[in-house]
Amino acid sequence: MSKHKRVAATKIVKRSTFSAVTLLAVVFVFVIAGYYLLQNAKLAGTSQLLIAPSSVNVQAGNTFTVEVKDNTTTPVNMVKTNVTFEPSLLEVVNVDFNGSFYTKVSSSTNSGSVTADMYYLKPIYDQNGNLIGNEPAPTGQHLIHKITFKAKAAG
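Residue numbers 292 to 446, in the working numbering, belong to the letters of the sequence shown in order.
Quick look at the structure:
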């Protein structure tokens with residue numbers, strides 16, 4: 292008898308570790324990333340400050356009023372305005388916050404500028420009267436304040 296050992300040939304097969312679980316994990320990551328990007332795109336809306344009317348013709352000594360407004364596509368809870376003007380031509384007679392969409396925090400009038408810090412606050416309470424949050428501000432056009440000017444000279 293011959294003493295030959297039979298040696299079985301073994302083949303090393305490297306299997307791919309890519310599986311259905313890996314595929315689902317990759318798809319999940321892309322879905323979450325896409326959702327995040329879409330949400331941020333919505334949050335990156337536009338916001339404009341408007342002064343109406345944009346121009347006016349008055350004679351020296353006469354007064355006129357302009358409305359400072361915002362126009363937003365995303366909720367804005369705080370606004371800071373700084374309206375500048377030529378102090379040799381205009382003088383501030385009054386800054387009116389009545390009818391404003393926002394609540395005034397502070398304001399100042401200096402030679403050549405009117406500034407205001409405003410916020411939107413609409414608290415949400417639970418059934419027991421406990422504060423649970425704040426409603427986001429509605430989008431669209433809102434009155435911030437009105438400024439009445441007196442013309443010092445033609446210009």
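Note that the Cβ used here is the ideal one computed from N, Cα and C, for glycine as well.
Please report how far the alpha carbon of Phe440 lies from the alpha carbon of Asn425, in whole angstroms.
Taking the sequence shown and counting its residues from 1, one reaches residue 440 at position 149. Taking the sequence shown and counting its residues from 1, one reaches residue 425 at position 134. Answer to the nearest angstrom: the Cα atoms are 35 Å apart.
Measuring CA to CA, which of Pro366, Asn401 and Asp387 is closest to Lys395?
Mapped onto the sequence shown, residue 395 falls at position 104. Ranking Pro366, Asn401 and Asp387 by Cα distance to Lys395 puts Asp387 first.
Grab me the residues of Ser338's own chain with a C-beta within less than 8 Å of its C-beta, minus the 5 sequence neighbours each way, in chain order.
Here the question's residue 338 lines up with position 47 in the sequence shown. Excluding positions up to five away in sequence, the list reads Asp361, Asn362, Thr363, Thr364, Thr365 and Val367.
Between the alpha carbons of Ile435 and Val405, how many angstroms are there, rounded?
Locating residue 435 in the sequence shown gives position 144, counting from the first residue. Locating residue 405 in the sequence shown gives position 114, counting from the first residue. Those two C-alpha atoms are separated by around 12 Å.
If you count every other CB in all the chains shown that lies within 10 Å of the CB of Tyr416, and 16 or more means buried, which is it?
On the sequence shown, residue 416 is found 125 positions in, with the first residue counted as 1. With fewer than 16 other Cβ atoms within 10 Å, it is exposed.
Near Ser399, what residues of its chain come up, given a Cβ to Cβ distance below 7 Å and the 5 sequence neighbours on each side ignored?
In the sequence shown, counting from the first residue as 1, residue 399 sits at position 108. Answer for Ser399: Thr406, listed in chain order.
Rounding to the nearest angstrom, what Cα-Cα distance links Lys413 and Ala444 in this structure?
As a position in the sequence shown, residue 413 is number 122, starting the count at 1. As a position in the sequence shown, residue 444 is number 153, starting the count at 1. Those two C-alpha atoms are separated by around 43 Å.
Smallest Cα separation from Asn385: which of Thr356, Glu377 and Asn421?
For the purposes of this step, residue 385 is taken as residue 94 along the sequence shown, with counting starting at 1. For the residues Thr356, Glu377 and Asn421, the minimum Cα distance to Asn385 belongs to Thr356.
Please name the residue, chosen from Gln350, Asp408 and Gln418, that lies closest to Thr392 on a Cα-to-Cα basis.
The residue given as residue 392 occupies position 101 in the sequence shown. Reading off the sequence shown, one finds Phe at residue 392, where the question assumed Thr. Checking every option, the nearest Cα to that of Phe392 belongs to Asp408.
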